[in-house]
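From first to last, the protein sequence lines are chains G and P. Under this note's numbering, think of the first position of the first sequence as 413, with each following residue one higher. Under this note's numbering, think of the first position of the second sequence as 413, with each following residue one higher. Ideal Cβ positions, reconstructed from N, Cα and C, are used throughout, including at glycine.
Protein chains: 2
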Amino acid sequence: MSQFTDLDKLAVSTIRLLAVDQVAAANSGHPGAPLGLAPAAHVIWKQMKLNPGDPGWINRDRFVLSNGHACALLYAMLHLSGFDFKIEDLQQFRQLGSKCPGHPEFELPGVEVTTGPLGQGVSNAVGLAIAQANFAATYNKPGFTLSDSYTFTFLGDGCLQEGVSSETSSLAGHLQLGNLIALYDDNQITIDGATNVSFTEDVAKRYEAYGWEVLHVANGNEDLDGLAQAIAQAKRSKDKPTLIKITTTIGFGSLQAGSHSVHGAPLKLDDVKQLKTNMGFDPERSFVVPQEVYDLYNTQIIQPGVQQYEAWTKLVQEYSAKYPELGAEVQRRLAGDLPRDWEAALPVYKPEDDAVATRKLSEIVLQNIQATLPEMIGGSADLTPSNLTRWKEAVDFQPPASGLGDYVGRYIRYGVREHGMGAIMNGISAFGANYKAYGGTFLNFVSYAAGAVRLSALSGHPVIWVATHDSIGLGEDGPTHQPIETLAHFRALPNMQVWRPADGNEVSAAYKVALTHKHTPAIIALSRQNLPQLQGSSIEKAMRGGYVLQDADNADITLVSTGSEVSLAVEAAKVLAEKKINVRIVSLPDFHTFDQQSEEYQLSVFPDNVPIMSIEVLATSGWAKYAHESFGIDHFGASGKAPEIYKKFEFTPEGVATRAEKTVAFYKNKQVTSPLHKPF
Amino acid sequence: MSQFTDLDKLAVSTIRLLAVDQVAAANSGHPGAPLGLAPAAHVIWKQMKLNPGDPGWINRDRFVLSNGHACALLYAMLHLSGFDFKIEDLQQFRQLGSKCPGHPEFELPGVEVTTGPLGQGVSNAVGLAIAQANFAATYNKPGFTLSDSYTFTFLGDGCLQEGVSSETSSLAGHLQLGNLIALYDDNQITIDGATNVSFTEDVAKRYEAYGWEVLHVANGNEDLDGLAQAIAQAKRSKDKPTLIKITTTIGFGSLQAGSHSVHGAPLKLDDVKQLKTNMGFDPERSFVVPQEVYDLYNTQIIQPGVQQYEAWTKLVQEYSAKYPELGAEVQRRLAGDLPRDWEAALPVYKPEDDAVATRKLSEIVLQNIQATLPEMIGGSADLTPSNLTRWKEAVDFQPPASGLGDYVGRYIRYGVREHGMGAIMNGISAFGANYKAYGGTFLNFVSYAAGAVRLSALSGHPVIWVATHDSIGLGEDGPTHQPIETLAHFRALPNMQVWRPADGNEVSAAYKVALTHKHTPAIIALSRQNLPQLQGSSIEKAMRGGYVLQDADNADITLVSTGSEVSLAVEAAKVLAEKKINVRIVSLPDFHTFDQQSEEYQLSVFPDNVPIMSIEVLATSGWAKYAHESFGIDHFGASGKAPEIYKKFEFTPEGVATRAEKTVAFYKNKQVTSPLHKPF
């Protein structure tokens, strides 16, 4: 006998029409997928653990709408299940300032991650599942299951075509993430028409190859029992993620059903009306929710969820009594606080200390702080021995059955999957519990992950890229590996820290600021080659993003630089001193942090009346914000020994000094104003 | 009986040692993969159609080393097969200025594409195979097989883990590219150690799911016959690409064989010696090629290749006699020339013509020129009706058996695979025959393809991105779809045109310049919303990258802008005129092209003594090269109706005018110098 009644069917119709009405009111949006997916959404919700009174409850089940364009469906579900989405909000779908924007945004209650760019959501879901597995392995105790939540995700053909989902799905299979359940909307339609124009692969077989459990619901439009059985079976699959292929009709019930014209354009008025009539609704009314549907959601979904929440709250109290240390740690993490004095472990350097590559200095930081910060969960896209991202005692995050590690492990072997790593880090961060995710690759290959990095910044996920081999200084690997445009790119991204520390103190400062931030991601660009410890650097100064490393009376020029070129500026200043040119030196490890300092402080770093020249072995673009002139590399690099490449491109003390001299001469007898002054 | 003799084994040993010696001489590089793959390389070469005297021969077989770090192997093969790689060149492996850089570069003779960033090469190979299929379908005639070449590629675990290869492999299977043969170096090792730490999927099954033929050679270290049989079978697979999994031992023969330590570091001296001794070579000598190996390559590879080349040359002559028009077209394309007067088809607009979205104007260009330019081969990453990239009469590039098109078709349904599209376009371009590949997506999602775009620029593949929905002007889809940092990113990339045309004439100019360039890719950023045809624009002016749209006597300010904001500048100028502020207006559709104009011309556009303010609804970064002040958007966008978003962010005539007034006031009584003046 079916576990579903006519009331469930009414609820499904209500969901369908709420989505259609939103798109119609906006005269913009995507009605097709919600019409096909409403039954699956309803069935998932009926067994979801959630509490609208605490959307951040750490043991809630998560739902990620990877095909974010179908968000009218999500807003309908959040409305019905008691989250802070009123009918009036739904009526403002896609309007400026509305709570229902054109794609779901992370900061909204009940929205787990920002989706829209295809392939990201399902990849975030892998990150959520990793975090859940780690959190459970770390804190669950016999009789105290603090964490046993699932991550559900909807994804469409587009998500499956994107490479990022291939990367993360392969890894999810490897990691045996049984807590991950993906529902694939097999509606055979994309914007270009039928999927057979470009997408004829056997998706089920591919996911089996990844090590997933694959199920199929043939009539996703109507078969609520089939959907429920598939979900139950997926939950029983403890050591494999599950892909449930649900065959649906895009725009089900619409006159345009099964056509790509229903994907991304509102239904015509008469179509909306016939849909309502056929579903037994008044064709003249919109945004209608029958009271019995509200009652169903209240009694069958919200109330049970709240009960589970209350039981869980009680459990955590008992847990804290029995395991006071762990309990305190859980409470701290849930509050989003770092441990007191964690930063005491950050190393401090003196000028007489050895010259060390900043990637190595980064390794020392990670080594020093990992024990204090159980929320730190790191990895590398298969460059561990180059990125130096793994601390000595690290346990790999691996399925216990593999014999290679455990879910309690905090080091992730991402494989050669930069974009996937970025999207997974976003998911880990979105899980909560203060997770601090970091991932290593070469700076140049952070660009592979640009789609995910952008979403870190937009969503405010404070993930950290450990981006080593940050310039031509990597040497022999040549121009395919040497970043040029990369810093300009990410510095132009809003809400993004882009650190390029010059020495050990600056590396410590970069981590200190990046780990403290709650809503800003960071890229930390690190050298392959050794760099000296600088006279004049300190963690405190560097934490301001930029500071005067070396001041001068009657300065003729300010040289501003980052990373490996700061010590070059110091050397150039010596050459210039011989020519009676007085040089101030500014180190500017992070533009974003510097921009948040007071105007007064900023002007003390870049005062009037002294011309400013920047030095960085990457593209000059973006530097004019601080410097009158820029010495950089606006062409591609070269393969060879690093010192020879530096010499070829004239990044030597003499090469810098020559340009500084020209800059001084150029501005002689001119009125020199700091670039920081702006008319608006 | 084996078709291989002891001489072949000697050749394989020679190849192995040439690779090892290069890495040893450089004391840098990757000896592991060459040691494992040398047999496969030798077997492929023995049946490859090539002519070292004409590396660009259009009907040569192509070989792409997707695992580009193994390039010591490639240089060895090119040396043996008579390309312009001398032993002295190999001895300079990874040295500055050498012909043997750390990763293979496109401009080198016999190197088909630049590889190194993983996943790109195999994806380029898909593009090469597409181009070959199209070229053959277009020009082959009964008795005149002008094109029947194969594309071979080596790829490793890393290439398979990258999402871009998943995208392109799925498409290659869909397209039934029987001319593509990929050899997967299954050596079970990546930099992080054994592949089982992150990569336990069933690769063979995955590729079967994509629709590929999958073969296996169990002993890739030694089984030359097995390799040859697999390749022969792959060639017989006419309607499927083939993946040959060759199980090898990384660093085969070395004391470190099978370990990740042999992946990316030179062998120790005693290891090199034992390797040479075991192979019957003098342990004290390096870079040794026995004469009989040269002879083998000469008689069995080079001479047969040259004979095929000569036969082909004769065939083309006969073809040209029998099909004079097609013959002339082939000759023109092989010469890399565009048809005479092709640009006559570019539309010209007058100010009184209708306001039209530049994406629509782009569609008109494509429609007008497609018949004249058979080398144009375009597509979209599943946004055809939004990008407007398909001309009316277009035939889809599809396998004939699909019933959806034909290989003679020039419109590619890429699916939702932006990165794959970018890499495939590079491959199509690298094929030769003057192919002009373009691909459509939203501007914001060009970032997904950053890895491939970078290689377009580095290699000089003149591909074109038709990048519509280029700003907040796209409206309701919101911040996940609205580019902010995107133009700053790609403008900072060397050798990259980034067009943002303001009207019909500028769209025509963008295509004219982009299609004429032989070594520079282009992004053409296009609006979703309608834009007026501008007074003062022309194709000729816009072809300079920047020009004075509207001059003024005694100008108080120069407003410089691109795309949708140029007409806004015109409106703002009217507001300012009422306040007696005289405004010059500059349109700057492409920085890269403008930078190539004479200094005199550039200074005529941005003269001294007039403050310059830029206006663009994207990040301001990069604008300081031309403007003293910038009005832009250095935060994320918003979901809503486009005009409301413009208003919210004050991109209105009044909002621009206010900032222009402040700029004028700020620079009053100051000496104003054009930002184009530079001390060095």
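Approximately 7 Å separates the beta-carbon atoms of P:R822 and P:G790; this is inside 8 Å, confirming the contact. Counting of Cβ neighbours within 10 angstroms places G:D597 among the buried residues, the total reaching 16 or more.
The C-alpha of G:N471 lies about 5 Å from the C-alpha of G:S561. Remark: C-beta atoms of P:L1030 and P:I896 approach each other more closely than 7 Å.
The alpha helix (DSSP H) runs lying completely inside the segment 877 to 934 of chain G and spanning 4 residues or more are 898 to 903, 916 to 928, given in chain order.
For P:P554 and P:P464, the gap between their C-alpha atoms comes out near 28 Å.
Interface annotation, P:R428: not in contact with chain G, CB-CB separation never under 7 Å. Taking all protein chains shown into account, G:R752 has fewer than 16 neighbouring C-beta atoms within 10 Å of its C-beta and is therefore exposed. Within the segment 571 to 592 of chain G, Q573, E574, G575, V576, S578, E579, S582, L583, G585, H586 place their CB atoms closer than 7 Å to a CB of chain P, listed in sequence order. A direct Cα-Cα distance of roughly 15 Å separates G:H929 from G:Q1009.
Chain G has no Cβ within less than 7 Å of the Cβ of P:D818.
Taking 9 Å as the Cβ-Cβ cut-off, the segment 880 to 899 of chain G approaches chain P at G887, E888, D889, G890, P891, T892, H893, I896, E897, T898, L899, given in chain order. Around P:V995, no beta-carbon contact reaches into chain G at under 8 Å, the shortest distance being about 16 Å. With 16 or more other Cβ atoms from the protein chains shown falling within 10 Å of its own Cβ, G:P446 counts as buried.
Burial check for P:I456: the Cβ neighbour count within 10 Å reaches 16 or more, so the residue is buried. Against P:P906, the close residues of chain G are I896, D1046, H1047, F1048, in the order they occur along the chain (beta-carbon pairs closer than 7 Å). Under the 10 Å beta carbon count, G:Y487 is surrounded by 16 or more other beta carbons and is classified as buried. Within the segment 619 to 673 of chain G, the runs of alpha helix (DSSP H) at least 4 residues long that lie entirely inside it are, in chain order, 636 to 648.
Across the segment 821 to 842 of chain P, CB contacts with chain G closer than 7 Å involve R825, Y826, G827, V828, R829, H831, G832, in sequence order along the chain. Using a Cβ-Cβ cut-off of 7 Å, G:S535 does not count as an interface residue toward chain P, since no Cβ of chain P sits closer than that to its own.
Within chain P, the residues S792, D794, L795, T796, P797, S798, V828 have their CB atoms less than 9 Å from the CB of G:I603, given in chain order.
Between P:H515 and P:H481 the beta-carbon gap is near 7 Å, inside 8 Å, which marks them as a contact. Within 10 angstroms of the beta-carbon of P:N591 lie 16 or more other beta-carbons, which makes it buried.
Taking the Cα of G:W803 as reference, the smallest distance to any Cα among G:S814, G:P812, G:L785, G:R903 is reached at G:L785. Rounded to whole angstroms, G:Q544 and P:M460 show a C-alpha spacing of 52 Å. Residue environment: G:K726 is assigned as exposed (fewer than 16 neighbouring CB atoms within 10 Å of its CB, all protein chains considered).
Look at the segment 509 to 577 of chain P and you find these whole runs of alpha helix (DSSP H), each 4 residues long or longer: 532 to 551, 569 to 573. P:S649 is positioned such that its CB atom lies no closer than 7 Å to that of P:L567. Residue pairing from DSSP leaves P:E787 without any beta-bridge partner.
G:H873 sits close to G:N838, with the two beta carbons spaced by under 7 Å. Neighbours of G:F611 in chain P, taken as residues at a C-beta separation under 8 Å, are given in chain order as S582, H586, G827. A distance below 6 Å between beta-carbons, with the five flanking residues on each side excluded, links P:S814 to no residue of its chain.
With a contact defined as Cβ atoms closer than 8 Å, G:F495 and G:F564 miss out at about 16 Å. By the rule that beta-carbons nearer than 7 Å mark a contact, P:H901 touches chain G. In this model, G:E775 and G:Q782 are separated by some 11 Å (Cα to Cα). The continuous stretches of alpha helix (DSSP H) do not include G:M1025, which lies in the beta strand (DSSP E) extending over residues 1024 to 1027.
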